[in-house]
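Structure record follows, encoded as structure tokens.
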Amino acid sequence: MRKQIFSLLVENTAGVTSHISGLFSRRGYNIDSFSSGVTADPRFTRITIVCTGDELVLEQIEKQLAKLEDVRDIKKLEHGSSVTRELILVKIRAKDTERQAVMNVAEIFHGKIVDVTHDSMVIELTGHQDKLDAFLDLLSGYEILELARTGLTGLTRGSADVTYLD
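In the numbering used here, the protein residues as written are 57 to 222.
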């Protein structure tokens, strides 16, 4: 079993995310992460999907995605030839006496304190999944009240494989 990241360029039409997620559910494939957003050209959306499977399953997923009429381009984001990131927001319980320690840990990971109340803090952190997991591991001594993760998004490095659409 291995993890594969697919970057799809799709037409920005109603129901496109439903078609793509439906393909996975109909065939019993699991989605580890799904993120999407409109590109610089509002006619298109970039969708990043992370899934796990053996070589045969991952090959089938790619072939099935390519058959969807809204899908204009598919790239596999490979380690070393792509840049991937994820965003997390984590709200922890933090008393006055604990805030400085939490701020120090956040600073080490280049995190940003985005909200502070009398009894909690919200930290924003962007990076590779390993970095985010390591950060959360260091926060294990604190009560995590809420956690939100965006899922991976990414692009290939360089300009050699940029897809230009009409």
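Glycine included, C-beta positions come from ideal geometry on N, C-alpha and C.
Thinking just about the alpha-carbon of each residue, which of the options is nearest to the one in residue i?
i: T95; options: D110, E111, L65, Q116; result: L65
i: M225; options: R83, E115, L79, V72; result: Outside the displayed range of the chain (57 to 222) lies residue 225, so it cannot be described from this structure.
i: L189; options: R155, M159, R141; result: Per the sequence presented here, residue 189 reads as Asp, with Leu not at that position. Nearest option by C-alpha distance: R141.
i: I61; options: L121, G84, H75; result: L121
i: R205; options: I144, R155, T182, L192; result: I144
i: D222; options: F191, H184, R128; result: R128
i: D175; options: I200, D186, F191; result: I200
i: V139; options: T182, Y220, L195, H75; result: T182
Quick one: using the 10 Å Cβ neighbour count with 16 as the cut-off for buried, is residue i buried or exposed?
i: T69; result: exposed
i: A216; result: exposed
i: T173; result: exposed
i: L203; result: exposed
i: L208; result: buried
Report back the beta-carbon spacing between residue i and residue j to the nearest angstrom; my notes put them in contact at under 8 Å.
i: V106; j: D88; result: 4 Å
i: R213; j: S92; result: About 21 Å separates the two Cβ atoms, so there is no contact after all.
i: I148; j: Y198; result: 4 Å
Please name the residue or residues paired with residue i in a DSSP beta bridge.
i: R83; result: DSSP lists no partner for R83.
i: Q120; result: The partner list for Q120 (beta bridge, DSSP) is empty, contrary to what the question assumes.
i: G93; result: R102
i: G210; result: T140
i: L203; result: V146
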